[in-house]
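In UniProt numbering, the protein residues as written are 1 to 103.
Where is the CB? At the ideal position from N, CA and C, for every residue including glycine.
None of these values were measured; they are calculated from a predicted model.
Below: one structure, written as structure tokens.
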């Protein structure tokens, strides 16, 4: 392995951390929350689709999938997918209005 250079211009400078980080605005917090909600509702919708398919495929052969709770999995995508779309549209509008104010 080659020896490190003694030339100070070739050594990386240590990073300087700012004394105080820039305070986050309320809009950024709302955007983060909306983004998390979009992901959560989308994940619930995908899990609901998978649970519905499992219920349909195995309800006759396995008593575990013949339970009543699996029948309610059908409603998960019907509720969470529209909520995901609404939060996504809200996120886009909030982000666009914030960027328009910044310009």
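Judged by their CB atoms, residue 73 and residue 51 are nearer to each other than the 8 Å cut-off. Distance between residue 97 and residue 81, taken at the CA atoms: about 24 Å.
According to the DSSP assignment, residue 48 belongs to the alpha helix (DSSP H) that extends over 26-58. Boundaries of the alpha helix (DSSP H) around residue 77: 75-102.
For residue 69, the enclosing alpha helix (DSSP H) begins and ends at 68-72.
When only Cα atoms are considered, residue 45 and residue 71 end up about 15 Å apart. Nearest to residue 95 by alpha-carbon distance, out of 13, 15 and 26, is 26.
Taking the C-beta atoms as reference points, residue 76 is found nearer than 8 Å to residue 47. For the pair residue 37 and residue 56, the Cα-to-Cα distance works out to about 28 Å.
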